[in-house]
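First comes the structure, then the notes that go with it.
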Amino acid sequence: MLKDKIEKVLLKVQRPSRYIGGELGSVVKDKSKVNVRFAFCFPDSYDVGMSHLGMKILYGLKNLREDFWCERVFAPWEDYEQAMRENDIPLYGLESLDPITEFDFIGFTLQYELSYTNVLNMLDLAGLPVYAKDRGEGTPIVVGGGPCVCNPEPLADFFDLFILGEGEEVNLELMDLYAKMKKEGASKSDFLHEAAKIEGIYVPSFYDVSYNPDGTVQSITPNCPEAKPKITKRIIRDMDKVFYPDSFVVPFTEIVHDRAVVEVLRGCIRGCRFCQAGFIYRPFREKSSDTVCRQTKALCEATGYEEVSLSSLSTSDFSEIEKLLGDLSEYTDKENISLSLPSLRVDNFSEELMEKIRRIRKTGLTFAPEAGTQRLRDVINKNVSDEEIMNTCRMAFEGGASSVKLYFMLGLPTETDEDIIGIGELTDRIIDLYRNVNAGKRSPKLSISVSCATFVPKPFTPFEFEPQASIPEITRKQKLLLDSTNRKIVSVSWHNYRISILEAALARGDRRLSAVIYEAWKSGCKFDSWDECYKYENWVAAFEKCGIDPSFYDNRTRSFDELMPWDHLDYMITKEFLIRENKRAHEGLTTPNCRQKCSACGVIQRIGGGCVGQD
Amino acid sequence: MDKINLRAVYAKYGNAKYFSHLDLMRTMQRAIKRSGIPIWYTEGFNPHIYLNFPVALPLGTESYVEPMDFSVVEECDLENLREKLDNAMPPGLNIISVKPQIMKNTDVASAEYDVTLSSDKHSSEEIVEKFREFLSADTIEIHKRSKKKGEVIVDIKPHVVVTDISSENGLVLIHFILPAGNSFNLNVNTVLDAFADKTGISTDVVCIKRTKISAENGEDFV
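These protein sequence lines map, in sequence, to chains L and C. When we follow the working numbering, the leftmost residue of the first sequence carries the number 8, and every step to the right adds one. When we follow the working numbering, the leftmost residue of the second sequence carries the number 23, and every step to the right adds one.
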């Protein structure tokens with residue numbers, strides 16, 4: 008029994024309840040009565056993975072089926088990994104505590120590029136070869152899903168198949184097919200050939216990639232009849248009818264987002280040009296206010312959470328937001344549940360909405376202007392004006408607020424020194440405003456925190472053609488920002504740009520990066536998104552060893568007619584649209600949001616009408 | 023209506039022994055919320071369920087005798103209340119009883135433990151013998167970190183009471199009585215660490231179970 012081995016080491020590691028399961032809401036079944044077992048792996052720690060909504064949805068959905076059993080698996084933290092390796096404990100599912108090599112599927116959700124080495128490490132901890140070609144008959148099918156699958160090429164060598172788009176339908180189709188073929192005694196290869204026929208399933212080994220002498224991709228060619236020339240992502244049509252869990256696994260130990268979460272809409276009408284999520288999750292689809300209310304109540308009652316969060320890319324774009332907040336706060340007030348609304352945009356903060364939110368929860372004032380000047384905000388299509396930021400700050404300051412958090416990106420396309428100095432100027436204006444509002448009053452000291460990320464160009468965005476700023480450029484820009492802000496009041500922080508340049512290479516990389524990921528992992532890289540775990544030098548060495556220059560992926564302007572490594576994957580938006588948007592960016596022209604005017608991204612043709620603003 | 027103060031006795035065992043005292047607070051608050059009992063919320067800007075745990079239970083220790091204080095806002099049938107709470111508990115937590123609060127928090131004096139140990143390197147008989155020797159020393163000095171004084175040396179010998187020690191099927195069974203009050207308390211693991219320190223024998227804990235919490239006068243704390 009694995010359980011005995013686990014319990015023997017559990018009290019020697021940090022926060023052991025992460026490794027033993029048994030939480031409220033976890034689903035334990037009789038394995039002799041299920042046909043298909045699915046190990047849902049989140050390639051990061053329990054605390055991070057347990058906060059992920061997609062996993063909660065697919066876990067609930069699969070476990071509703073009597074003949075399927077889905078379990079959770081996370082990356083063990085270093086202390087427990089060491090204990091596992093020393094005591095021959097293979098990676099196991101938290102529900103059964105069975106090794107995941109006994110499962111039919113091992114599924115990874117790929118939420119960010121910096122989790123890729125954890126995928127390899129988890130396969131290795133399971134006792135499996137990391138390369139798909141080395142995993143023989145009788146080993147689990149290794150599948151991947153999530154946003155990074157829009158360019159899974161750097162991981163192509165490690166996976167048997169990828170699932171493109173939203174998973175609620177296609178996961179069940181895939182598992183049903185597997186159940187049927189398992190009964191018939193089909194081989195792994197037979198299964199993959201059949202699976203490739205399902206809409207949204209991409210089997211990377213069914214495609215050959217060739218390269219031009221300059222290193223760019225020359226062709227991506229199907230090598231078997233089942234492989235479609237283009238694989239189209241899956242979407243859910245009706246958000247009111249799609250499965251949503253009425254219960255979550257409630258962890259014992261504190262996790263990053265420790266609350267009930269209700270998804271209110273998918274997609275985004277905004278079209279910010281740097282934002283991958285804003286394009287790959289199109290079209291915009293909402294639940295009705297009644298559905299959201301019903302799901303909120305069900306979840307709160309089942310979990311006992313004291314906090315519920317309404318989740319989406321932009322919750323303030325929810326058409327029925329005022330009605331929803333009215334209805335919901337009636338319930339949450341009565342039950343002493345606090346309601347939080349992440350990702351609110353500044354430009355449609357109405358006074359009534361502010362009032363409701365203030366009543367619901369006193370949160371800090373957070374804006375993401377992303378760029379310091381109006382010119383650059385127009386380039387990236389972040390339609391937030393100085394005036395709106397000032398108005399919102401004024402309202403908040405008049406209400407007694409004394410801290411403001413601002414998010415920016417450095418290294419955006421067309422950025423000049425003026426744009427960076429503009430960040431400092433924007434904070435100066437906020438400081439003046441605060442002094443004016445509080446003139447003659449005893450007021451707390453204002454604090455402004457400016458948090459800067461390095462721009463990472465991503466596939467399926469109008470900026471997929473753009474170079475990332477080079478390291479000397481980034482460091483120069485960071486210094487310039489420091490010099491142009493009032494450091495007595497403004498605290499400036501940034502993400503580690505050494506991590507951002509790796510993220511950029513992996514995001515727009517091709518299959519040749521599989522070898523780099525392998526080498527980096529072999530040399531001890533894992534948890535790359537954790538500053539304290541990131542080993543930059545090891546990555547540099549891994550690139551060198553493979554004879555690959557990361558700047559080929561990071562710092563090169565790609566022409567509009569270059570074949571991208573992901574061009575055989577179809578996320579419903581057209582290349583023509585991305586090119587059009589890229590040109591508009593360089594002309595400094597904004598594009599109206601989908602509700603104001605359709606910009607013909609291509610999705611409406613694919614779904615046959617019924618998109619937002621075009622009923 | 024005034025609030026009514028109650029004391030539940032709960033059990034924590036199985037997988038639930040692997041979460042900490044801090045996690046227990048959250049877990050209990052959520053369970054109480056799910057149970058739907060007329061729990062009392064703190065009054066103030068951020069109303070929350072108020073719970074008080076007169077004794078802390080170390081991570082890894084099982085218990086069937088743990089007190090938890092809470093208040094309700096209406097007169098309830100206590101058995102009915104217990105049942106509702108118990109039904110809402112996650113696996114590994116149970117509500118054994120719900121009674122009015124009689125003793126004060128400060129009445130807690132000592133706790134008793136059943137401890138089961140194993141070792142790959144030493145026979146259980148050897149460990150029993152060494153443990154007896156360890157206990158018969160004149161002093162058992164340990165380094166204890168204190169918030170005010172930094173690291174201090176404390177003689178725990180007068181505080182460690184072992185009422186039973188034996189070996190059975192290769193395992194060592196020890197029954198401890200240790201101080202558990204607010205001013206001074208001693209953890210089983212601290213004693214085992216001291217044993218390992220003095221004798222060089224490190225043991226694996228198979229199970230630590232708290233079996234009784236007593237007041238100064240020797241009565242059960244409830």
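Backbone N, C-alpha and C fix where the C-beta goes; we use that ideal spot for every residue, glycine too.
Asked, Found
"Interface positions of the stretch 206–228 of chain C facing chain L (Cβ-Cβ less than 8 Å), listed along the chain", "226, 227"
"Below-8 Å beta-carbon distance, residue 124 of chain L vs any chain C residue", "no"
"Beta carbon proximity, residue 312 of chain L to chain C, threshold 8 Å", "yes"
"Residue-chain proximity (residue 260 of chain L, chain C), Cβ-Cβ < 8 Å", "yes"
"Chain C within 8 Å of residue 473 of chain L, Cβ atoms only", "no"
"Beta carbon of residue 618 of chain L nearer than 8 Å to that of residue 290 of chain L", "yes"
"The stretch 169–192 of chain C: positions lying closer than 9 Å to chain L by Cβ", "none"
"contact_flag[the stretch 510–522 of chain L, the stretch 101–109 of chain L] where n(CB pairs < 8 Å) is 3 or more", "no"
"Short CB-CB distance (under 8 Å) between residue 391 of chain L and chain C", "no"
"Stretch-stretch touch, CB-based, cutoff 8 Å, three pairs: the stretch 207–227 of chain L with the stretch 237–246 of chain L", "yes"
"Residue range of the beta strand (DSSP E) that includes residue 197 of chain C", "193–201"
"As assigned by DSSP and simplified to three states, the class of residue 460 of chain L", "strand"
"The beta strand (DSSP E) enclosing residue 150 of chain L, as first and last residue numbers", "148–152"
"Cβ of residue 24 of chain L within 8 Å of any chain C Cβ", "yes"
"Where residue 459 of chain L falls, given that 16 or more other Cβ within 10 Å makes a residue buried", "buried"
"Contacts that residue 30 of chain L makes with chain C (C-beta to C-beta distance below 7 Å)", "112"
"C-beta atoms of residue 224 of chain L and residue 571 of chain L nearer than 8 Å", "yes"
"Neighbourhood of residue 59 of chain L by C-beta, 8 Å cutoff - its chain only, sequence neighbours within 5 removed", "49, 116, 118"
"Beta strand (DSSP E) segment containing residue 318 of chain L, residue limits", "314–318"
"Counted within 10 angstroms of its Cβ, other Cβ atoms place residue 205 of chain C as buried (16 or more) or exposed", "exposed"
"Contact with chain C by residue 346 of chain L, beta-carbon distance below 8 Å", "no"
"Chain C contact for residue 248 of chain L (CB, 8 Å cutoff)", "no"
"Min CB distance residue 12 of chain L to chain C below 8 Å", "no"
"Where residue 496 of chain L meets chain C, residues with beta-carbon distance less than 9 Å", "What residue 496 of chain L touches in chain C: nothing, since even the nearest Cβ is about 27 Å away."
"The stretch 113–132 of chain C in contact with the stretch 85–103 of chain C per 3-pair CB rule at 8 Å", "yes"
"Interface residues of chain C facing residue 15 of chain L [CB-CB closer than 7 Å]", "226"
"Classification of residue 222 of chain C by the beta-carbon crowding that lies within 10 angstroms, buried from 16 upward", "exposed"
"Interface partners of residue 101 of chain L on chain C, CB under 9 Å", "In chain order: nothing, as chain C lies at least about 10 Å away."
"Cut-off 7 Å between Cβ atoms - residues of its own chain near residue 334 of chain L, not counting five sequence neighbours on either side", "296, 300"
"8 Å Cβ cut-off: residues of chain C touching residue 18 of chain L", "40, 81, 82, 227"
"Neighbour list for residue 37 of chain C in chain A, Cβ cutoff strictly below 9 Å", "In summary, chain A is missing from the structure at hand, where the protein chains are L and C."
"Residues near residue 294 of chain L in its chain [Cβ-Cβ closer than 7 Å; skip 5 each side]", "246, 247, 271, 272"
"DSSP state of residue 219 of chain C mapped onto helix, strand, coil", "helix"
"Length-filtered (3 minimum) beta strand (DSSP E) runs lying within the stretch 409–462 of chain L", "410–417, 454–461"
"Span separating the alpha-carbon of residue 27 of chain C from that of residue 60 of chain C", "12 Å"
"Runs of beta strand (DSSP E) wholly within the stretch 568–607 of chain L (minimum 3 residues, chain order)", "none"
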